[in-house]
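K.L.:
Quick one: this structure, given as structure tokens, is what I'll be asking you about.
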Amino acid sequence: MAHAVFIPGLSRGTALWRLTASTLRHLTLTSIMKSKRKTDHLERTASALRREVVASAKVCEIAHESPTVKSLRLLVADKAFSFKAGQWVDFFIPGVSVVGGFSICSSPQLLEQERMIELAVKYTNHPPAIWVHNKCTLDSEVALRVGGEFFFDPQPTEAPRNLVLIAGGVGINPLLSILRHSADLHRDQANKGSSYEIGKIKLFYSAKNTSELLFKKNILDLVNEFPEKITCSLHVTKQTAQISEELKPYITEGRITEKEISNHVSAGTLFYICGPPPMTDFFSKQLEDSHVPKEHICFEKWW
């Protein structure tokens, strides 16, 4: 994972472990620092800001989001644990020396109200992903620490901003968190009139085929709930099966194009990009070439 903007307010430093003694035995500093390969999460994010709290979490729900992706819902009882929409967690697994890194795909409000977070993990040969797909069960216990400088956390006094979210593959995870958070803010504003007023949001999301478009029902539910605020363009690059009637109005066959993105360039728009590095680099450069201020371009690379 990598980041385009520095946002203050998080702190580096030694973790404050709030865990049971049995869990701590598995999550020693020695095991954490065994993540040496450059492809490992801790190596890639060594300079990233992290919160100090490391909290225990229990797996409460497991689901298949696609043929290659499993989602987890975890209970995090520690009220000192919090995150901003778009951030990721260090994922510590008892008995697994390599530390995982997974973006949170739920809204902060789900944590505030139900003490739950959601993750979606693609199957790879990385030990944490193998554990999620092959060994994780209901009531499995792990530990989590929040990090990352890629997030959307508007304050009530700020002017409304339009958002363009550009996702590739499992890069949808942090952008779904931002989308869900924006929907929560809009509901709060409509009900209470005192929260942040969101601008318009456009989601561009590309995957190999419709079965690999994660959370498509959740996305379309938000589009239908807020038709004046949220729209989406779903792209498939290697579709072979017939596209369902429900999805057809939103599907474009082929990659997300420069023209589609350039149509949304404006002075007050923020761009959030998360996907494979070539895709992220391509659209970041395009936006810079279109004179979008660097502070309005936020990106996170998915490996």
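Under my numbering, the letters of the sequence shown match residues 1072 to 1374, in that order.
Quick reminder that beta carbons are idealized off the backbone N, C-alpha and C, glycines included.
Predicted model only: the values in this text are computed from it and were never measured.
1) In terms of DSSP beta bridges, what is glycine 1218 paired with?
2) If you reduce the DSSP assignment to three classes, tell me which class serine 1248 lands in.
3) Helix or strand or just coil, what does DSSP make of lysine 1206?
4) Between which two residues does the alpha helix (DSSP H) harbouring arginine 1115 extend?
5) Work out the CA separation of lysine 1206 and threonine 1340 for me, nearest whole Å.
6) The alpha helix (DSSP H) that contains phenylalanine 1286, what's its start and end?
7) Below 8 Å on the Cβ atoms is my contact criterion, and I expect serine 1266 with proline 1227 to pass it. Report the Cβ-Cβ distance as a whole number of Å.
8) Candidates Gly1166, Asn1196, Ser1315 and Phe1162: which alpha carbon is nearest valine 1124's?
9) Does arginine 1108 pass the burial test, meaning 16 or more other C-beta atoms within 10 Å, or should it be called exposed?
10) Rounded to a whole number of angstroms, what is the C-alpha to C-alpha distance between glycine 1171 and proline 1198?
11) Tell me which same chain residues have a C-beta within less than 6 Å of the C-beta of methionine 1104, skipping the five on either side of it?
12) Just to confirm before moving on: does the CB-CB distance between glutamine 1180 and valine 1217 stay below 7 Å?
13) What whole-angstrom Cβ distance do phenylalanine 1223 and alanine 1119 have, given they're in contact under 8 Å?
14) With the cut-off set at 7 Å, would you say phenylalanine 1152 and alanine 1126 are in Cβ contact?
15) Keeping to the same chain, check which residues put their C-beta closer than 8 Å to that of serine 1355; ignore five residues upstream and five downstream.
16) Where does asparagine 1334 fall in DSSP's three states?
17) Report the CB separation of leucine 1113 from alanine 1128 in whole angstroms; it is logged as a contact under 8 Å.
18) To which residues of the same chain is lysine 1271 closer than 7 Å at the C-beta, ignoring the five residues directly before and after it?
19) Let's see if you can read the secondary structure: which residues bound the alpha helix (DSSP H) around phenylalanine 1353?
20) Skipping 5 residues on each side, what residues in its chain have a beta carbon closer than 8 Å to that of glutamate 1229?
21) So glutamate 1185 is in the alpha helix (DSSP H); what residue range does that whole segment cover?
22) When the Cα atoms are used, what is the spatial distance from threonine 1328 to leucine 1284?
23) May I ask you to list the residues that DSSP assigns as paired with isoleucine 1272?
24) Could you tell me whether the Cβ atoms of leucine 1246 and leucine 1236 are closer together than 7 Å?
25) Using the Cα positions of threonine 1311 and threonine 1281, report the straight-line distance between them to the nearest angstrom.
26) Name the one or two DSSP bridge partners that isoleucine 1344 has.
27) Rounded to the nearest angstrom, what separates phenylalanine 1353 and leucine 1250 at their Cα positions?
28) From the DSSP secondary-structure annotation, give me the bridge partner or partners of serine 1277.
29) Please report the residue range of the beta strand (DSSP E) in which isoleucine 1322 lies.
30) Looking at C-alpha atoms only, which residue of Gly1166, Ser1177 and Thr1195 is the closest neighbour of valine 1140?
31) Taking all protein chains shown into account, decide if serine 1333 is buried (16 or more other Cβ within 10 angstroms of its Cβ) or exposed.
32) How about threonine 1323 and histidine 1306: are their beta carbons less than 7 Å apart?
33) Taking Cβ positions, are isoleucine 1314 and cysteine 1303 nearer each other than 7 Å?
P.N.:
Well, looking at it:
1) Glycine 1218 pairs with Arg1121 and Trp1159.
2) Looking at serine 1248 - three-state DSSP - the assignment turns out to be helix.
3) Assigned with DSSP and collapsed to three states, lysine 1206 falls in coil, not helix or strand.
4) For arginine 1115, the uninterrupted alpha helix (DSSP H) segment begins and ends at 1112–1115.
5) Distance between the alpha carbons of threonine 1340 and lysine 1206: 43 Å.
6) Here phenylalanine 1286 belongs to no alpha helix (DSSP H), and DSSP marks it neither H nor E.
7) Right, their Cβ atoms sit about 6 Å apart.
8) Closest option to valine 1124, judged by alpha-carbon separation, among Gly1166, Asn1196, Ser1315 and Phe1162: Phe1162.
9) Residue confidence is low: arginine 1108 scores 47 on pLDDT, short of 50, so the model does not pin down where it sits. Its coordinate-derived value is still stated next. Classification of arginine 1108: exposed, given that the 10 Å Cβ count is below 16.
10) Cα-Cα distance, rounded: 8 Å.
11) Reliability of the predicted coordinates at methionine 1104 is poor, the pLDDT of 44 falling under 50, and no value is obtained from them.
12) At a Cβ-Cβ threshold of 7 Å, glutamine 1180 and valine 1217 do not count as neighbours.
13) Rounded to whole angstroms, the Cβ separation of phenylalanine 1223 and alanine 1119 is 17 Å, and the two are not in contact under 8 Å.
14) Taking 7 Å as the cut-off, the Cβ atoms of phenylalanine 1152 and alanine 1126 count as close.
15) Once the five neighbours on either side are set aside, the close Cβ partners of serine 1355 are Ala1075, Ile1344, Ile1368 and Phe1370.
16) Looking at asparagine 1334 - three-state DSSP - the assignment turns out to be coil, as it is neither helix nor strand.
17) Not a contact, Cβ separation roughly 18 Å.
18) The residues are Asn1233 and Lys1300.
19) Taken as a continuous stretch (DSSP letters only), the alpha helix (DSSP H) holding phenylalanine 1353 covers 1348–1360.
20) Cβ neighbours of glutamate 1229 beyond the five flanking positions: Tyr1267.
21) Note, glutamate 1185: alpha helix (DSSP H), 1179–1185.
22) Computed Cα separation, rounded: 18 Å.
23) For isoleucine 1272, which the question treats as bridged, DSSP gives the partners Leu1234 and Ile1301.
24) Less than 7 Å divides the Cβ of leucine 1246 from the Cβ of leucine 1236.
25) Distance between the alpha carbons of threonine 1311 and threonine 1281 is about 9 Å.
26) Partner residues in the beta bridge of isoleucine 1344, as assigned by DSSP, are Ile1237 and Phe1370.
27) Answer to the nearest angstrom: the Cα atoms are 22 Å apart.
28) According to DSSP, residue pairing for serine 1277 in a beta bridge involves Gly1239 and His1306.
29) Per DSSP, the unbroken beta strand (DSSP E) holding isoleucine 1322 starts and ends at 1322–1324.
30) Minimum Cα distance to valine 1140 is reached at Thr1195.
31) Serine 1333 is exposed by the Cβ-count criterion.
32) Yes, the Cβ-Cβ distance between threonine 1323 and histidine 1306 is below 7 Å.
33) With contacts defined as CB atoms closer than 7 Å, isoleucine 1314 and cysteine 1303 fail to qualify as a contacting pair.
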